[in-house]
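Here the structure comes first, spelled out in structure tokens, and everything after it is commentary.
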Amino acid sequence: MTSTREISAEVDAISAAIQRALDSGGTIDVCAVEERVGKLCGQLGTLDGGEGAALRPRLEALIEEFARLGTLIETRLENMRGDLGPVDT
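Residues in the sequence shown are numbered from 3 upward in steps of one, following my numbering.
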């Protein structure tokens, strides 16, 4: 069984990776993040209800960071589309 401390550390690590990408406008390996989140979800499933509830605010904050990352990705895609111009199909 995974402890809340271990899960909390993983949430912090994922959050830090997202924050670095947001702050620098740099890159992030979304496949690696997806894998880490998948493992995190599996670990959360092993916790008792009270333990999981204690992590809820941190998980909600992580979801917000993912939303900001999604916005950054969408902005970059729009910029690339603008740079490329119209594409004939």
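Cβ coordinates follow ideal geometry from the N, Cα and C atoms, glycine included.
| Distance CB(residue 71)-CB(residue 13) smaller than 8 angstroms | Numbered from 1 along the sequence shown, position 69 holds the residue referred to as residue 71. Numbered from 1 along the sequence shown, position 11 holds the residue referred to as residue 13. Not in contact: residue 71 and residue 13 (Cβ atoms no closer than 8 angstroms).
| I think residue 57 touches residue 6, with their Cβ atoms under 8 angstroms apart; what is that distance to the nearest whole Å? | What you label residue 57 is simply residue 55 of the sequence shown in a count that begins at 1. What you label residue 6 is simply residue 4 of the sequence shown in a count that begins at 1. About 6 angstroms; that satisfies the 8 angstroms criterion.
| field | C-beta neighbour in chain C for residue 8, strict 8 angstroms | value | Of the protein chains in the structure, only one exists, and it is not chain C.
| query | Alpha carbon to alpha carbon, how far is residue 10 from residue 51? | reply | The sequence position of residue 10 within the sequence shown is 8, counting from 1. The sequence position of residue 51 within the sequence shown is 49, counting from 1. C-alpha separation (whole angstroms): 15 angstroms.
| Proximity of residue 20 and residue 38 at Cβ, strictly below 8 angstroms | Here residue 20 corresponds to residue number 18 of the sequence shown, with the count starting at 1. Here residue 38 corresponds to residue number 36 of the sequence shown, with the count starting at 1. Cβ atoms of residue 20 and residue 38: not closer than 8 angstroms.
| request: Can you give me the Cβ contacts of residue 23 inside the same chain, cut-off strictly under 8 angstroms, excluding the 5 residues immediately before and after it? | output: The residue labelled residue 23 in the question sits at position 21 within the sequence shown. Contacts found: 29, 30, 71, 74.
| To the nearest angstrom, how far is it from the Cα of residue 4 to the Cα of residue 82? | Counted from its first residue, the sequence shown places residue 4 at position 2. Counted from its first residue, the sequence shown places residue 82 at position 80. When rounded, the distance between both Cα atoms is 42 angstroms.
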